[in-house]
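**Student:** Note that the working numbering has the sequence shown beginning at 172, numbered continuously upward. Heads up, the beta-carbon is just placed ideally off N, CA and C, and yes, glycines get one too.
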Amino acid sequence: YKNYGVKTNLTLPIGKSIFFQSSVDFYNSSIAIEEFDNTVNDWAASGQLIYFHQKSKSLAGLMYQKNNNKRIMPQGYRNQNIDFWSFLVRRQFFDEKLSVMLLYFIPVKWGVNTDQVTYLETNTYKEVEITSMDFFKNMLLIELSYRFTKGKVLKKDKSVEYIRESENKSIF
172 YKNYGVKTNL TLPIGKSIFF QSSVDFYNSS IAIEEFDNTV NDWAASGQLI
222 YFHQKSKSLA GLMYQKNNNK RIMPQGYRNQ NIDFWSFLVR RQFFDEKLSV
272 MLLYFIPVKW GVNTDQVTYL ETNTYKEVEI TSMDFFKNML LIELSYRFTK
322 GKVLKKDKSV EYIRESENKS IF
């Protein structure tokens, strides 16, 4: 199995509270097992335009992900992940212990492939399976997370580890 590629990441601040992030990944995968030899070329990309409000510790953003790309198999390939456009809002409460996030998958078709394809081919057999992931359109995801600790960092007592190491001396 061999996988070669180029991945680029870019972050551009636009003022003090807006930034744009993007990444693009081009790759070539090849595999050879016994009589099967296969090569796949594909790409993935993502982009986010994020606004961060410092005083309220909240953010909002528009995201695009083209990540429904081919994963190589000896006799074909399989698409994994999904492509989507989404809108994100996140806000923190109670001294940053509670975080609430709303993620809405926008029903936009531009640049989006919602079909996951499995393609297999041998000398005597060919199979194409297509699974539609359209149910992600117009979906709303709500995430609540609560941090029970106060955010304090616990430090290890290195002297205890040193004593244990010195007690375990051996000839070998």
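Kindly indicate which three-state DSSP category Asp-208 falls into: helix, strand or coil?
**Tutor:** strand
**Student:** Determine, using beta-carbon pairs with one atom in the stretch 223-242 and one in the stretch 253-263, whether at least three such pairs fall under 8 angstroms.
**Tutor:** yes
**Student:** Using 8 angstroms as the Cβ pair cut-off and three pairs as the minimum, do the stretch 241-249 and the stretch 190-206 touch?
**Tutor:** Yes, the stretch 241-249 touches the stretch 190-206.
**Student:** Would you tell me roughly how many angstroms separate the C-alpha atoms of Gly-186 and Ala-215, rounded to the nearest one?
**Tutor:** 28 angstroms
**Student:** Is Asp-266 helix, strand or coil by DSSP?
**Tutor:** coil
**Student:** Provide the residue span of the beta strand (DSSP E) that contains Ile-301, from first to last.
**Tutor:** 297-303
**Student:** For Val-283, does the count of other Cβ atoms within 10 angstroms reach 16, so buried, or fall short, so exposed?
**Tutor:** buried
**Student:** Please state the DSSP three-state secondary structure of Thr-285.
**Tutor:** In the structure shown, Thr-285 adopts coil according to DSSP, grouped into three states.
**Student:** With a threshold of 8 angstroms, are at least 3 pairs of Cβ atoms found where one atom belongs to the stretch 310-317 and the other to the stretch 285-302?
**Tutor:** Of all C-beta pairs linking the stretch 310-317 to the stretch 285-302, fewer than three are shorter than 8 angstroms, placing the two stretches out of contact.
**Student:** Cα separation between Met-272 and Glu-206?
**Tutor:** 49 angstroms
**Student:** Determine the direct distance from the alpha carbon of Ser-303 to that of Gly-218, and round the result to whole angstroms.
**Tutor:** 23 angstroms
**Student:** Are the Cβ atoms of Leu-312 and Leu-274 separated by less than 8 angstroms?
**Tutor:** yes
**Student:** Using the three-state DSSP reduction, which class does Arg-306 fall into: helix, strand or coil?
**Tutor:** Arg is not the amino acid found at residue 306; the sequence shown has Phe there. Residue state, collapsed to three classes: helix.
**Student:** By DSSP, does Tyr-222 sit in helix, in strand, or in coil?
**Tutor:** strand
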